[in-house]
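Below is one structure, written out as structure tokens; comments come after it.
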Amino acid sequence: MPEMPEVQAHAERLTERFAGRTLEKFVPFNFTALKTAVPAPDTAYGHQLIEVGRRGKYLLVQFEPTTFVVHLMQGGRLLADDKLSAKPRGGQARFVFETVERPDGTLDGAALLLTEQGKERRAGVWCVPTADAMSSPPLERLGPEAASITDDELAARFTANSMRVHGFLRDQRMIAGIGRRLANEVCHRARVSPFSNTRKLGADGASKVGEAIRSCIAESLEYERRRDDMSSSKDRPSAMHSRTGEPCPDCGDAVRAVEYSGYTVNYCATCQTGGRVLADNTTSKFLK
Ligand SMILES: [Zn+2]
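Position in the sequence shown (first residue = 1) + 771 = our numbering.
This is the structure in structure tokens:
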């Protein structure tokens, strides 16, 4: 799933291409694509796109009265649509902008297409009043932005929420923008076990994790901004994530894995757990 750096760089690319274009219509292709009834999408018709912004892992397609909050989930993409086909493959919704005349007299039509490959159909769009976007669902539940949370804020959240740090990092209500890959990378860079209890990490642990969050995000963002499209997960830089069995770039020990049904926690025992091998003991094997 795209995390903050991928979504941020993509929002910047879309802003560059589409800011200032006037929305003609919003077309959902199936009844699950639009998650809200009020305000209606047509409240944004005739308005210019201010920018495509971001909060957590959401893209914010912003017009003065109404913002379209887009979540790409696992396989969603929001891309320039030049074909305007009647039934685009994997199409969930389309933003059609008014056609403008170029200086040379030719016509420039523009559209944005939200697609989602696979059968899950979980990507979606929420329409919210722009003035209240941050206090409306789904954004209202998000924790502070990962890139700008302070060490003190992080320490306070660690103290208030006793949980495994890897789970904390992936929980969008605790901190927004980090997913499975960055959680693996951040724990490794901070030299903490992914299973460390947040309450026990204390202020020292929070500043190590905070520093790791900032540097991992900065590196990913730099990588992503050099691209002209959103990376797929296999392209994204990683020391730990999806590298089970490969050597740790810092110490050479083999990267280890704890498998869950939906994801894998990767870590280096030498760097992070004093050599101890982690096993998941929160779920019984009989429940699988
Ligand atoms: Zn290592």
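We put the beta carbon where it would ideally sit given N, CA and C, even for glycine.
**Prompt:** Which of the three DSSP states, helix, strand or coil, is assigned to Gln943?
**Reply:** Your numbering for residue 943 matches position 172 in the sequence shown. Three-state DSSP puts Gln943 in coil, outside helix and strand.
**Request:** Thinking Met844 and Ala894 are a contact (beta carbons under 8 Å), I'd like their distance in whole angstroms, please.
**Result:** To locate residue 844, count along the sequence shown from 1; it is residue 73. To locate residue 894, count along the sequence shown from 1; it is residue 123. Confirmed, Cβ separation roughly 5 Å.
**Message:** Could you compute how far the alpha carbon of Gly976 sits from the alpha carbon of Glu795?
**Reply:** For the purposes of this step, residue 976 is taken as residue 205 along the sequence shown, with counting starting at 1. For the purposes of this step, residue 795 is taken as residue 24 along the sequence shown, with counting starting at 1. In a straight line, the C-alpha of Gly976 is about 50 Å away from that of Glu795.
**Item:** C-alpha gap between Ala1050 and Tyr1038, whole angstroms
**Value:** As a position in the sequence shown, residue 1050 is number 279, starting the count at 1. As a position in the sequence shown, residue 1038 is number 267, starting the count at 1. Between Ala1050 and Tyr1038, the alpha-carbon positions lie close to 12 Å from each other.
**Item:** Local conformation of Lys1056 per DSSP, three classes
**Value:** Working through the sequence shown from its first residue, we reach residue 1056 at position 285. Any reading at Lys1056 needs caution, since the residue's pLDDT is 48, under 50, leaving its predicted position unreliable; the model's value is listed next. Looking at Lys1056 - three-state DSSP - the assignment turns out to be helix.
**For Glu1030 and Leu1058, the rounded distance between their alpha carbons** = In the sequence shown, residue 1058 corresponds to position 287, counting from 1. In the sequence shown, residue 1030 corresponds to position 259, counting from 1. Confidence in Leu1058 is poor, its pLDDT being 43 and thus under 50, which makes the residue's placement unreliable; the coordinate value appears in the next sentence. Linking Leu1058 to Glu1030 through their CA atoms gives a straight-line distance of about 14 Å.
**Asked** For Val778, does the three-state DSSP call read helix, strand or coil?
**Response** On the sequence shown, residue 778 is found 7 positions in, with the first residue counted as 1. Note: Val778 maps to helix in three-state DSSP.
**Asked** With 16 as the cutoff for other CB atoms within 10 Å, does Arg784 come out buried or exposed?
**Response** The residue you call residue 784 lines up with position 13 of the sequence shown. Buried: at least 16 other Cβ atoms inside 10 Å.
**Item:** Exposure of Leu1060, with buried meaning 16 or more beta-carbon neighbours within 10 Å
**Value:** The structure shown has nothing for residue 1060, since the chain only spans 772 to 1059.
**Message:** Three or more C-beta pairs under 8 Å: does that hold for the region 917 to 935 against the region 866 to 875?
**Reply:** No: the two stretches stay apart, fewer than three of their Cβ pairs being nearer than 8 Å.
**Request:** Identify, in the order they occur along the chain, each residue of the same chain with its Cβ nearer than 6 Å to the Cβ of Phe797, setting aside the five sequence neighbours on each side.
**Result:** In the sequence shown, the residue the question calls residue 797 occupies position 26. Counting only Cβ-Cβ distances below 6 Å, and skipping sequence neighbours, we find Pro812, Phe866.
**Any non-hydrogen atom of ligand 1 within 6 Å of Thr1044 CB** = Position 273 of the sequence shown holds residue 1044. Ligand 1 has no heavy atom closer than 6 Å to the beta-carbon of Thr1044.
**Prompt:** Which residues in the same chain as Pro799 place their Cβ atom closer than 6 Å to its Cβ, once the five residues preceding and following it in sequence are excluded?
**Reply:** In the sequence shown, counting from the first residue as 1, residue 799 sits at position 28. So the qualifying residues of the chain are Leu805, Ala864.
**Prompt:** Going by Cα to Cα distance, which pick from Leu940, Leu831, Glu774 is closest to Pro908?
**Reply:** Taking the first residue of the sequence shown as position 1, residue 908 is located at position 137. Residue nearest to Pro908 within the set Leu940, Leu831, Glu774 is Leu831 (criterion: CA-CA distance).
**Message:** If you reduce the DSSP assignment to three classes, tell me which class Leu885 lands in.
**Reply:** On the sequence shown, position 114 is the one that residue 885 refers to. DSSP places Leu885 within a strand segment (E or B) once states are collapsed to three.
**Phe939, buried or exposed, once every other Cβ within 10 Å from all chains shown has been counted against 16** = Here residue 939 is taken as the residue at index 168 of the sequence shown, counted from 1. Counting Cβ neighbours within 10 Å, Phe939 comes out buried, since at least 16 surround it.
**Item:** Length of the line joining the Cα atoms of Gln1043 and Gln943
**Value:** Looking up residue 1043 in the sequence shown gives position 272. Looking up residue 943 in the sequence shown gives position 172. Whole-angstrom Cα-Cα distance: 24 Å.
**Request:** Please go through the same chain and pick out, in chain order, the residues whose beta-carbon is closer than 7 Å to the beta-carbon of Glu956, but skip the five residues on each side of it.
**Result:** Translated into positions along the sequence shown, residue 956 becomes position 185. Excluding positions up to five away in sequence, the list reads Cys987, Ser1009, Ala1010, Met1011, His1012.
**C-alpha distance - Asp923 paired with Thr969, whole-angstrom precision** = To locate residue 923, count along the sequence shown from 1; it is residue 152. To locate residue 969, count along the sequence shown from 1; it is residue 198. Asp923 and Thr969: Cα-Cα distance of roughly 13 Å.
**Request:** Enumerate in chain order the residues of its own chain whose CB-to-CB distance from Ser1055 is below 8 Å, with the five nearest sequence positions on each side excluded.
**Result:** The sequence position of residue 1055 within the sequence shown is 284, counting from 1. Note that Ser1055 scores 44 on pLDDT, short of 50, meaning its location in the model is unreliable and no value can be drawn from it.
**Message:** By the DSSP assignment, the beta strand (DSSP E) with Thr837 in it spans what residues?
**Reply:** Along the sequence shown, read from residue 1 onward, the residue named residue 837 stands at position 66. Thr837 -> beta strand (DSSP E) spans 837 to 842.
**Prompt:** Is DSSP giving Ser906 helix, strand or coil here?
**Reply:** As a working mapping, residue 906 is identified with position 135 in the sequence shown. Residue state, collapsed to three classes: helix.
**Request:** From the DSSP output, read off the bridge partner residues of Gly847.
**Result:** Counting from 1 along the sequence shown, the entry for residue 847 is found at position 76. In the DSSP assignment, Gly847 is bridged to Glu887.
**Request:** Return yes when the Cβ of Met1001 is within less than 7 Å of the Cβ of Glu835, no when it is not.
**Result:** Taking the first residue of the sequence shown as 1, we reach residue 835 at position 64. Taking the first residue of the sequence shown as 1, we reach residue 1001 at position 230. No, the Cβ-Cβ distance between Glu835 and Met1001 is not below 7 Å.
**Prompt:** Who are the near neighbours of Arg985 in its chain, counting only those whose CB is closer than 8 Å to its CB and skipping five residues on each side?
**Reply:** Translated into positions along the sequence shown, residue 985 becomes position 214. Closer than 8 Å at Cβ, skipping near neighbours: Ala918.
**Asked** Can you tell me the Cα-Cα spacing of Gly1045 and Asp1021, whole angstroms?
**Response** Working through the sequence shown from its first residue, we reach residue 1045 at position 274. Working through the sequence shown from its first residue, we reach residue 1021 at position 250. Cα-Cα distance, rounded: 14 Å.
**Message:** Arg792 and Ala851 - do their beta-carbons sit closer together than 7 Å?
**Reply:** Along the sequence shown, one-based indexing puts residue 851 at 80. Along the sequence shown, one-based indexing puts residue 792 at 21. The answer is no: Cβ separation not under 7 Å.
**Asked** What are the start and end residues of the alpha helix (DSSP H) that includes Cys1060?
**Response** Limits of the chain in this structure are 772 at one end and 1059 at the other, which puts residue 1060 out of reach.
**Three-state secondary structure assigned by DSSP to Gly938** = Here residue 938 refers to the residue found at position 167 of the sequence shown. Secondary structure at Gly938: helix, using DSSP grouped into helix, strand and coil.
**Asked** Could you give the distance in angstroms between the alpha-carbon of Glu911 and the alpha-carbon of Ala1025?
**Response** By 1-based counting over the sequence shown, the position of residue 911 is 140. By 1-based counting over the sequence shown, the position of residue 1025 is 254. Roughly 41 Å separates the two Cα atoms.
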